[in-house]
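Notes to accompany the following structure.
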Amino acid sequence: MEYNFRSIEKKWQESWINNKVYRVDTDPALPKYYVLDMFPYPSGAGLHVGHPLGYIASDIFSRHKRLKGFNVLHPMGYDSFGLPAEQYAIEHGIPPAVSTAKNISTFRSQLDKIGFSYDWSREVQTSDPSYYKWTQWIFLQLFNSWYNRKADKTDSIASLEKIFAAEGNRSHECPGDRNLVFTAEQWNGYSFKEQQEILMQYRVAYCGYGEVNWCEALGTVLANDEVINGVSERGGFPVVRKKLRQWYLRITEYADRLVSGLDTVDFSDSMKEMQTNWIGKSYGAEIDFKLASADLKEDIYLKVYTTRPDTIFGVDFMVVAPEHELVEKMTTQVQRNAVDEYLAYVNSRSERERMAEKKITGVFTGAYAVNPFDGREIPVWISEYVLAGYGTGAIMGVPCGDERDHKFAQYFSIPITNIIGEHYNGEEANPTKDAILENSGFINGMVMRDAIETVISKLEEMGIGQRRVNYKMRDAAFSRQRYWGEPFPIVWKDGVAVPLPESELPVELPHLDDLRPGPEGEGPLANLPDWKNYDGGIREVNTMPGYAGSSWYFLRYMDPSNQDVFCSRAASDYWNQVDLYIGGTEHAVGHLLYSRMWTKALYDLGHIGFDEPYKRLVNQGKIGGDSRLVYRVRGTNKFVSAGLKDQYETDELHADVNMVNGFELDTDAFRKWKPDFEDAEFVLENGKYICGSRLEKMSKRYFNVVNPDDIVEKYGADTFRMYEMFLGPVEQDKPWDTKGIEGVHRFLKKVWRLFVDEEKGKILIKDEEPTAAEWKALYRMVKKVDDDTERFSFNTAVSAFMIGINELSDLKCNKRKVLEKLAVSLAAFAPHMAEELWSMLGKEGSVLNASWPKVEEQYLVETSKMYPVAINGKTRTELSIALDATQQQVEDLVLGDEVVKKWLDGKTPKKVIYVKNKMINLVI
RNA sequence: GCCCGGGUGGUGGAACUGGUAGACACGCAGGACUUAAAAUCCUGUUCGCCGAAAAAGCGAGUGCGGGUUCGAUUCCCGCCCCGGGCACCA
Numbered sequence: 007m008e009y010n011f012r013s014i015e016k017k018w019q020e021s022w023i024n025n026k027v028y029r030v031d032t033d034p035a036l037p038k039y040y041v042l043d044m045f046p047y048p049s050g051a052g053l054h055v056g057h058p059l060g061y062i063a064s065d066i067f068s069r070h071k072r073l074k075g076f077n078v079l080h081p082m083g084y085d086s087f088g089l090p091a092e093q094y095a096i097e098h099g100i101p102p103a104v105s106t107a108k109n110i111s112t113f114r115s116q117l118d119k120i121g122f123s124y125d126w127s128r129e130v131q132t133s134d135p136s137y138y139k140w141t142q143w144i145f146l147q148l149f150n151s152w153y154n155r156k157a158d159k160t161d162s163i164a165s166l167e168k169i170f171a172a173e174g175n176r177s178h179e180c181p182g183d184r185n186l187v188f189t190a191e192q193w194n195g196y197s198f199k200e201q202q203e204i205l206m207q208y209r210v211a212y213c214g215y216g217e218v219n220w221c222e223a224l225g226t227v228l229a230n231d232e233v234i235n236g237v238s239e240r241g242g243f244p245v246v247r248k249k250l251r252q253w254y255l256r257i258t259e260y261a262d263r264l265v266s267g268l269d270t271v272d273f274s275d276s277m278k279e280m281q282t283n284w285i286g287k288s289y290g291a292e293i294d295f296k297l298a299s300a301d302l303k304e305d306i307y308l309k310v311y312t313t314r315p316d317t318i319f320g321v322d323f324m325v326v327a328p329e330h331e332l333v334e335k336m337t338t339q340v341q342r343n344a345v346d347e348y349l350a351y352v353n354s355r356s357e358r359e360r361m362a363e364k365k366i367t368g369v370f371t372g373a374y375a376v377n378p379f380d381g382r383e384i385p386v387w388i389s390e391y392v393l394a395g396y397g398t399g400a401i402m403g404v405p406c407g408d409e410r411d412h413k414f415a416q417y418f419s420i421p422i423t424n425i426i427g428e429h430y431n432g433e434e435a436n437p438t439k440d441a442i443l444e445n446s447g448f449i450n451g452m453v454m455r456d457a458i459e460t461v462i463s464k465l466e467e468m469g470i471g472q473r474r475v476n477y478k479m480r481d482a483a484f485s486r487q488r489y490w491g492e493p494f495p496i497v498w499k500d501g502v503a504v505p506l507p508e509s510e511l512p513v514e515l516p517h518l519d520d521l522r523p524g525p526e527g528e529g530p531l532a533n534l535p536d537w538k539n540y541d542g543g544i545r546e547v548n549t550m551p552g553y554a555g556s557s558w559y560f561l562r563y564m565d566p567s568n569q570d571v572f573c574s575r576a577a578s579d580y581w582n583q584v585d586l587y588i589g590g591t592e593h594a595v596g597h598l599l600y601s602r603m604w605t606k607a608l609y610d611l612g613h614i615g616f617d618e619p620y621k622r623l624v625n626q627g628k629i630g631g632d633s634r635l636v637y638r639v640r641g642t643n644k645f646v647s648a649g650l651k652d653q654y655e656t657d658e659l660h661a662d663v664n665m666v667n668g669f670e671l672d673t674d675a676f677r678k679w680k681p682d683f684e685d686a687e688f689v690l691e692n693g694k695y696i697c698g699s700r701l702e703k704m705s706k707r708y709f710n711v712v713n714p715d716d717i718v719e720k721y722g723a724d725t726f727r728m729y730e731m732f733l734g735p736v737e738q739d740k741p742w743d744t745k746g747i748e749g750v751h752r753f754l755k756k757v758w759r760l761f762v763d764e765e766k767g768k769i770l771i772k773d774e775e776p777t778a779a780e781w782k783a784l785y786r787m788v789k790k791v792d793d794d795t796e797r798f799s800f801n802t803a804v805s806a807f808m809i810g811i812n813e814l815s816d817l818k819c820n821k822r823k824v825l826e827k828l829a830v831s832l833a834a835f836a837p838h839m840a841e842e843l844w845s846m847l848g849k850e851g852s853v854l855n856a857s858w859p860k861v862e863e864q865y866l867v868e869t870s871k872m873y874p875v876a877i878n879g880k881t882r883t884e885l886s887i888a889l890d891a892t893q894q895q896v897e898d899l900v901l902g903d904e905v906v907k908k909w910l911d912g913k914t915p916k917k918v919i920y921v922k923n924k925m926i927n928l929v930i
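Taken in order, the first sequence gives residues 7 to 930; the numbers are from my numbering.
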């Protein structure tokens, strides 16, 4: 009776479904635990072995928590709206709804084979109208809200209207336009349309204008990664920046809370740092510089934002963003052509290219800004490294204090003023705040750090500047000119965005056969007049972005089929925050910030009782592909082994990893692989064809994809699960190599043999009392597996299992009492086998309803330890010493040792360092 | 360019809070069982030196160069290389 994983796994997977063992319900009697995997996008390529890594970890954790008495919510669903399905539809004529459904079913069957404990009765799909009805509903909540800075919370637009009618907007600065000021009288005199336009500037979900990547030839807007070197990925057509009407979420209003909220959650420091940097809060000043230009007739001021007003006497040039509104006005006749030429160049470049550009580019406008303190005229330049969206879109260049400014000044031969004396060496900028200021007028002799305040006060006094907090983060663009996304529940009437009533939700995405873009950069929905024209107005034809549905899905899982609300308060009060959230770092600043913001808004509006969605976040690494390379002699069909390739002029090709054993190519399989290789010849080394290798992304294109289905078929799901964990820390990126899986499979067979004699087909379980050594081996294992699982160190947990099983095998332990606890401890990692062993032990029901074994510490107590004894830090010998030994006892013992005596060579040690339970070190 | 992460034997990795570097596996080498194979088991396996071999011993060693410390994979400074993110991929 050998370990027949195929029949065991099939049997228990069926049993789990039939007995609905993974169904969970709210149960106030039990402590809850919510484990969530990041929402997958069901891609057409299916799962490769890298995908389930996080799912296996979270599944083990969920099962572990269940064994420890928690009511565990562990759901799964699909973020099924998205660009790839739409792209696929355009290329293959298959509607997104159809390809998505097919992908989901493939995905599901792959997941099912791995034995996950998901409660599938709670599955959600973002593209399902019963789900996106509530995405639209939340959008309307955000549309009907503004951010009350005074109260620091999201509030209803109705409350804002009341305030305007009573006192205008004097206590509530307009976030969309700081210069907008009106009284109650003015407000009450405005037309409906005028009022709506003002309200739009306050709404949390608002409509504005923003730049997109516009490709005229394709007639469509492109995502950043569809643009390569200024041309479209598809077709290579030119792409330019274009302003289009867009929806936005006013996430900037939540910036402070998004930063401070990080103190209340358990994310890695690096994750918190990334989010904090992304939000990019800075303190500084806005300063108005009067412009002087030969061609200027009127007084114009250039507003710059700086975090270092103390360096104002070191300003040698100004730089404005190419999109800056004053560019047109301040450019002089002489510089006109040069400026136009430069603007055309910049317009062809994406923002990312601009930020990543090392080459210095720029053009002089011909205008000068006047330093308000010493009257110096400072040239104003345009350069792509200044972005319109950040600060005021204009900076003051201080070459001696900022490296990028320094390079700019050097490149364009702008003379550099030194305000920090010897702290500036003329070679590179020094961003210090601790230097004493020189050449700095009224702040001469001050420490820079202190001068910041002095200058701001002075500016405010003079009325040409003010203190300003600034954020690098910008409001989130919330519309896409695409088809496969949530429609907006908005109808435009006479230029006013009118929200549809809740009773009309969901606004269903109409069926569309032709997904060509609409006119003027609009999405495909613009091509559907019957749908578009509605109730005397025109529907919003943009759709929502991918992150809409994923910003709140964790709430829907709590109450997935509720028809009346997005999630009942009873459900969200019970399940509350996600206790453990697992996913990749690539979502660090997108998804995580958006869903944190939505949660805060829903909390402020009273719909849920907590304002951070994820209590603990663990980032899983990626599993890379280990590609195999073959080398073809150029112009021939002859392939040379890797070790000999330098003797020839060769081209490198990818060979399918499935026809390579380790590094040795199966040459027959290779010949059969493609007709081109049918008569391939091989130059071998030591009779073998050895492939080269390279770690890269697991992708069809590199023929390095390993499908979990194949692994499960060959070794079983339990082996696959444990091997994925054994590969290394979950958080770390690592390559996949199927070879090592044998070790884990052997381990499981070894477990099996503790229960069963494979040859005689007899069950070995005995009712004898276990020995102390057996208990010790078991409990040491149980304890370490528990600790390691709790701290997410699954690879070391697996090795603890191996060590424990090796010991129990050596002890030939078949004692029932030990094996029962062993079966339970294995239930999270190898659930199928654990169930089989559990029933073999004569137990009723699922092993998941058992309890995690309690460790009896008395079996683990040690009385002595083998201490390493080092002399001057080098370990020279080992001594067994009682754990309760005193310093004196240790010194006597150590100094009496032969090896130690030899090294001491008659000398007395200066010092004997004895760290209890660690080591001993003699200093001589 | 900016932000974040990583670099340890032939390979994946371990060393949790500054305390025996290489646990546990893979691979490899040798052996046992077997007519043979599979399966299983045993021994060895960081590198170099010494040595017929074994044992013992010596030296070096955690990307590179410095530093702090009785002691550094771990902390600090400076570099090199690789991966992720940078706002319309999800």
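No residue lacks a Cβ here, since even glycine has one placed at the ideal position from N, Cα and C.
Practice item. Spell out a yes or no on whether the region 608-628 and the region 109-127 are touching, meaning 3 or more CB-CB pairs, one atom from each, closer than 8 Å. Key: no
Practice item. Leaving aside the five residues before and after K694 along the sequence, list all residues of the same chain whose C-beta is less than 6 Å from its C-beta, in chain order. Key: E670
Review point. Between A594 and Y61, what straight-line distance do the alpha-carbon atoms span, to the nearest angstrom?
Key: 18 Å
Point to revise | Residue closest to L1, alpha-carbon to alpha-carbon, out of R455, K827 and Q341 | key: Only positions 7 to 930 of the chain appear in the structure, and residue 1 is not among them; the question remains open.
Review point. H660 lies in the beta strand (DSSP E); which residues open and close that run?
Key: T656 to A661
Practice item. Return the Cβ separation of K606 and R263 in integer angstroms, given the expectation that the two are a contact with Cβ distance under 8 Å. Key: 6 Å
Exercise for review: Give the DSSP-derived three-state secondary structure of W535 in the structure shown.
Suggested key: The question names Trp, but residue 535 in the sequence shown is Pro. Helix, per DSSP.
Exercise for review: Since I believe G403 is in contact with K321 (beta carbons under 8 Å), could you give me their beta-carbon distance rounded to a whole number of angstroms?
Suggested key: What sits at residue 321 in the sequence shown is Val, not Lys. Correct: roughly 6 Å between the Cβ atoms.
Practice item. Taking P495 and L511 to be in contact with their CB atoms under 8 Å, please state how far apart those CB atoms are, rounded to whole angstroms. Key: 6 Å
Practice item. For the beta strand (DSSP E) containing D793, list its first residue and its last residue. Key: Where D793 is concerned, there is no enclosing beta strand (DSSP E), although the alpha helix (DSSP H) it sits in stretches over A778 to E796.
Exercise for review: With DSSP collapsed to three states, give me the class of E444.
Suggested key: coil
Practice item. On the DSSP bridge assignment, give the partners of Y637 in chain order. Key: V646 and E658
Check your understanding: So, are the CB atoms of A686 and R677 less than 8 Å apart?
Key -> yes
Review point. Can the beta-carbon of S857 be found less than 8 Å from the beta-carbon of G75?
Key: yes
Review point. At a cut of 8 Å, does the region 655-662 reach the region 707-719 through at least three beta carbon pairs?
Key: yes
Practice item. Buried or exposed for P244, please, with buried defined as at least 16 other CB atoms from any protein chain shown within 10 angstroms of its CB. Key: exposed
Point to revise | Cross-strand partners of Y212 (DSSP beta bridge) | key: Y254
Practice item. Out of N154, P776, R545 and S705, point me to the one whose CA is closest to Y865's CA. Key: P776
**Study point:** In DSSP terms, what C406 is bridged to
**Key:** Its beta-bridge partners do not exist; DSSP assigns none.
Review point. Closest to S151 by CA distance: which of L166, Y137 and W558 is it?
Key: L166
Review point. Which residues does DSSP pair with C221 in a beta bridge?
Key: T226
Review point. Among P421, R455, V584 and Y873, which one has its Cα closest to the Cα of D272?
Key: V584
Exercise for review: Tell me, please, which residues DSSP counts as bridged to M324.
Suggested key: V386 and M402
Check your understanding: Which residues bound the beta strand (DSSP E) around R29?
Key -> No beta strand (DSSP E) contains R29, which DSSP labels as neither H nor E.
Practice item. Please report the Cβ distance between W581 and L79, rounded to the nearest whole angstrom; I am assuming they are in contact, meaning their Cβ atoms lie under 8 Å. Key: 6 Å
Check your understanding: Between I144 and L599, is the Cβ-Cβ spacing less than 8 Å?
Key -> no
**Study point:** Cα-Cα separation, D890 to T869
**Key:** 8 Å
**Study point:** Complete beta strand (DSSP E) runs within the region 472-550 (minimum length 3 residues, chain order)
**Key:** 496-499, 502-505 and 543-545
Exercise for review: List in chain order: all unbroken alpha helix (DSSP H) runs of 4+ residues lying wholly within the region 815-886.
Suggested key: 822-832 and 837-846
Review point. How would you label H412, buried or exposed, when you count the other beta carbons within 10 angstroms and need 16 or more for buried?
Key: buried
Exercise for review: Since I believe L148 is in contact with D316 (beta carbons under 8 Å), could you give me their beta-carbon distance rounded to a whole number of angstroms?
Suggested key: No, D316 and L148 are not in contact; Cβ-Cβ is about 40 Å, not under 8 Å.
**Study point:** Run of the beta strand (DSSP E) containing T160, from where it starts to where it stops
**Key:** K159 to S162
Practice item. Let me know the secondary structure DSSP gives L297 once reduced to three states. Key: strand
Review point. Is T226 near P535, with beta carbons less than 8 Å apart?
Key: no
Review point. For D231, is the classification buried or exposed, using 16 other Cβ atoms within 10 angstroms of its Cβ as the cut-off for buried?
Key: exposed
Review point. So V376 is in the beta strand (DSSP E); what residue range does that whole segment cover?
Key: V369 to V376
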